[in-house]
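Student:
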Amino acid sequence: MNIFRLTGDLSHLAAIIILLLKIWKTRSCAGISGKSQLLFALVFTTRYLDLFTSFISLYNTSMKLIYVACSYATVYLIYMKFKATYDGNHDTFRVEFLVVPVGGLSFLVNHDFSPLEILWTFSIYLESVAILPQLFMISKTGEAETITTHYLFFLGLYRALYLINWIWRYYFEGFFDLIAVVAGVVQTILYCDFFYLYVTKVLKGKKLSLPA
Amino acid sequence: CHRKKAKDEL
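Sequences listed follow chains A and B, in order.
Sequential numbering of the first sequence, starting at 1, is according to this note's numbering.
Sequential numbering of the second sequence, starting at 1, is according to this note's numbering.
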């Protein structure tokens, strides 16, 4: 475990908690894409099935359980408890355009043609694009609440830190996972435009709004 | 080198 990996995990955790707290404290999920959150719940579910087959460490198991539990809690808050505040009219990204190609690709390009491995690969590919419904929603409404931008920042930072972690592991451990690295690069690139807006606007105290 | 995935990562 290197510092980039650890801060990446903590950044991921921070993002998840920020989103949960935002919804809970404001009693509203306005501006949040339920579709992205459903995709993240699917990502964690398909990736962490190895909880049943192998034990790595207490840290590993607890983080996986926390991620899964939080993502289901978020979906519950959006689609059940605070459903009245869910902005479904603006959450119109067609998720089948992501899930179907990603499903096909995970059958074609994987480390090993076994059910658990294909599901793991599916989760890696799906995670890289799961934020698109959220970014699409922001581009449609032209704005995002500041707390939502903090969520997105930590979520993007997490994969960027994982990229540095992989460079580190390549040099010091000879580890290299092409599938994770390519998907991680794609995932990080998707946040670049947002990172730019975050630094130039949100960090200077302005609200994130896009030109009409 | 092209090794399999890191099992310990999240």
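Even glycine gets a Cβ: it sits at the ideal position worked out from N, Cα and C.
With DSSP run on the structure shown, which of helix, strand or coil describes E9/B?
Tutor: Coil, per DSSP.
Student: Using three-state DSSP, classify I147/A as helix, strand or coil.
Tutor: I147/A: helix per DSSP, three-state reduction.
Student: So with Cβ pairs under 8 Å, would you call S106/A a contact of chain B?
Tutor: Not an interface residue.
Student: What number of angstroms, rounded off, separates the C-alpha of F44/A from the C-alpha of F176/A?
Tutor: Looking at the two C-alpha atoms, the distance is approximately 22 Å.
Student: Just reading off the alpha helix (DSSP H) that Y79/A is part of, what are its end residues?
Tutor: Per DSSP, Y79/A belongs to no alpha helix (DSSP H) and is neither H nor E.
Student: State the start and end residues of the unbroken alpha helix (DSSP H) segment that holds S11/A.
Tutor: First-last of the alpha helix (DSSP H) with S11/A: I3 to T26.
Student: Taking the C-alpha atoms as reference points, what is the distance between L39/A and L126/A?
Tutor: Roughly 8 Å separates the two Cα atoms.
Student: Please check the pair T141/A and L208/A, which I expect to be a contact at CB under 8 Å, by giving their CB distance rounded to whole angstroms.
Tutor: No, T141/A and L208/A are not in contact; Cβ-Cβ is about 11 Å, not under 8 Å.
Student: Residues of chain B with CB under 8 Å from I56/A, in chain order?
Tutor: Those within 8 Å of I56/A in chain B are K7 and D8.
Student: Since Y198/A and F154/A should fall inside the 8 Å C-beta cutoff, what is the C-beta to C-beta distance between them, to a whole number of angstroms?
Tutor: Contact flag wrong, Cβ pair sits at about 10 Å.
Student: Inspect the beta-carbon positions of S33/A and M137/A and report whether they are closer than 8 Å.
Tutor: Against a cut-off of 8 Å, the Cβ pair of M137/A and S33/A comes out as a contact.
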